[in-house]
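Numbering (this note's numbering), first residue to last: 40 to 315.
Heads up, the thing below is written out as structure tokens.
As structure tokens, then:
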């Protein structure tokens, strides 16, 4: 409960009290009595005013001596201004081509994981060949966007099916004891991979059918102009002969024996040294 502060009489009250007091003992109506009463009243009022002033100053000093309690306020950290995300660089390819590239990368990444997981070196070699042909098929979408529908079929069926079979082979090869079902399934997948590699190569070759037609058209036009100018002859160009020669060169390159490895070279050197 708040305590009420008692107020003093004040200068005016002091004058009134002194005037009333002297009214009983002095004849204030006379000049001398009135002057004495007035002088005493003035002196008393001055004294009362000084007393009140000193009291007010004392109260002010006491309040100033009281320590001020501050409540520490922790300022809230300024929130960093929201930085705008850098705008993604526009792709140089169409959405269809970009989708082919993205899905192709995902599929090749999974095939790479399977390559590292499967211990069979023959299967790893086939996976490596499948990855090489698949990469060429996917890259063809960049070189010739008109082939995207054909490549889309490859991405939607052939490549996922191949990956699913390889995943099954990976799981079965991890089993310590292979029964008839596991062994038979793994053998069928191994045989299927050879067929798959051939199918992938045919798919890649089919993507160049349009280019082959354009090349034949350019060659026919060139032969016609050469014949018109009298420059034709035995050098007549035919796309069929050209493709046949190319296939023969590729077959010869594949049939060529692989170069001897470093290990075989070392063994040969050791053998020759021992004979020596």
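C-beta atoms are modelled at their ideal positions from N, C-alpha and C, and glycine is treated no differently.
All values reported here derive from a predicted model rather than from experimental measurement.
(message) Taking the alpha helix (DSSP H) that residue 218 belongs to, which residues open and close that run?
(response) Along the chain shown, one-based indexing puts residue 218 at 179. Here residue 218 belongs to no alpha helix (DSSP H), and DSSP marks it neither H nor E.
(request) Assign residue 101 to one of three DSSP states: helix, strand, or coil. (result) The residue given as residue 101 occupies position 62 in the chain shown. Helix.
(message) Within the continuous alpha helix (DSSP H) that includes residue 194, where are the two ends?
(response) Here residue 194 refers to the residue found at position 155 of the chain shown. Per DSSP, residue 194 belongs to no alpha helix (DSSP H) and is neither H nor E.
(request) Let me know if residue 291 comes out buried or exposed under the rule of 16 or more other beta-carbons within 10 Å of its beta-carbon. (result) Along the chain shown, one-based indexing puts residue 291 at 252. So residue 291 counts as exposed.
(message) Could you compute how far the alpha carbon of residue 181 sits from the alpha carbon of residue 135?
(response) Numbered from 1 along the chain shown, position 142 holds the residue referred to as residue 181. Numbered from 1 along the chain shown, position 96 holds the residue referred to as residue 135. Straight-line Cα distance between these residues: approximately 10 Å.
(request) For residue 157, I'd like the list of residues in its chain whose CB is within less than 8 Å of its CB, leaving aside the five on either flank, ordered along the chain. (result) Residue 157 sits at position 118 when you count from the first residue of the chain shown. If we look at residue 157 and ignore the five residues flanking it on each side, its Cβ neighbours are 163, 166, 205, 208, 209, 212.
(request) Using the Cα positions of residue 81 and residue 87, report the straight-line distance between them to the nearest angstrom. (result) Here residue 81 refers to the residue found at position 42 of the chain shown. Here residue 87 refers to the residue found at position 48 of the chain shown. The alpha-carbon atoms of residue 81 and residue 87 are separated by roughly 10 Å.
(message) Closer than 8 Å is the cut-off here; do at least three beta carbon pairs connect the stretch 212-222 with the stretch 170-189?
(response) no
(request) Pick helix, strand or coil for residue 161, following the three-state DSSP scheme. (result) If you number the chain shown from 1, residue 161 lands on position 122. DSSP places residue 161 in helix when its eight states are reduced to three.
(request) Measure the alpha-carbon distance for residue 130 versus residue 188 and round it to whole angstroms. (result) Within the chain shown, numbered from 1, the residue matching residue 130 stands at position 91. Within the chain shown, numbered from 1, the residue matching residue 188 stands at position 149. So the two alpha carbons sit approximately 20 Å from each other.
(request) Just the C-alpha distance for residue 89 and residue 95, rounded to the nearest angstrom, thanks. (result) Residue mapping note: residue 89 aligns to position 50 of the chain shown, counting from 1. Residue mapping note: residue 95 aligns to position 56 of the chain shown, counting from 1. Between residue 89 and residue 95, the C-alpha separation is close to 10 Å.
(message) Residues in the same chain with beta-carbon distance under 6 Å from residue 201, minus the five sequence neighbours each way, listed in chain order, please.
(response) As a working mapping, residue 201 is identified with position 162 in the chain shown. Cβ neighbours of residue 201 beyond the five flanking positions: 235.
(request) Return yes when the Cβ of residue 243 is within less than 7 Å of the Cβ of residue 176, no when it is not. (result) Walking along the chain shown from the start, residue 176 turns up at place 137. Walking along the chain shown from the start, residue 243 turns up at place 204. Going by C-beta atoms, residue 176 is nearer than 7 Å to residue 243.
(request) Please confirm whether any heavy atom of the ligand NAP lies closer than 6 Å to the CB of residue 292. (result) Annotation note on the ligand NAP: not contained in the displayed structure, which lists no ligands.
(request) Please look up how many angstroms separate the CB atoms of residue 9 and residue 194, rounded, as I've assumed it's under 8 Å. (result) Since the first residue of the chain shown is 40 and the last is 315, residue 9 is not available in this structure.
(message) Please list the terminal residues of the continuous alpha helix (DSSP H) segment that includes residue 253.
(response) Against the chain shown, residue 253 aligns to sequence position 214. From DSSP, the alpha helix (DSSP H) with residue 253 extends over 248-267.
(message) Within the continuous alpha helix (DSSP H) that includes residue 132, where are the two ends?
(response) For this step, residue 132 is matched to residue 93 along the chain shown. Careful: residue 132 lies outside any alpha helix (DSSP H) and carries neither H nor E.
(message) Can you check which of these residues, 84, 142, 262, is closest to residue 196 by C-alpha distance?
(response) By 1-based counting over the chain shown, the position of residue 196 is 157. The candidate whose alpha carbon is nearest that of residue 196 is 142.
(request) Return the CA-CA distance between residue 246 and residue 190, expressed in angstroms with no decimal places. (result) As a working mapping, residue 246 is identified with position 207 in the chain shown. As a working mapping, residue 190 is identified with position 151 in the chain shown. Their backbone Cα atoms lie some 8 Å apart in a straight line.
(request) State buried or exposed for residue 150, treating a residue as buried only when at least 16 other CB atoms are found within 10 Å of its CB. (result) Taking the first residue of the chain shown as position 1, residue 150 is located at position 111. Flag for residue 150 reads buried.
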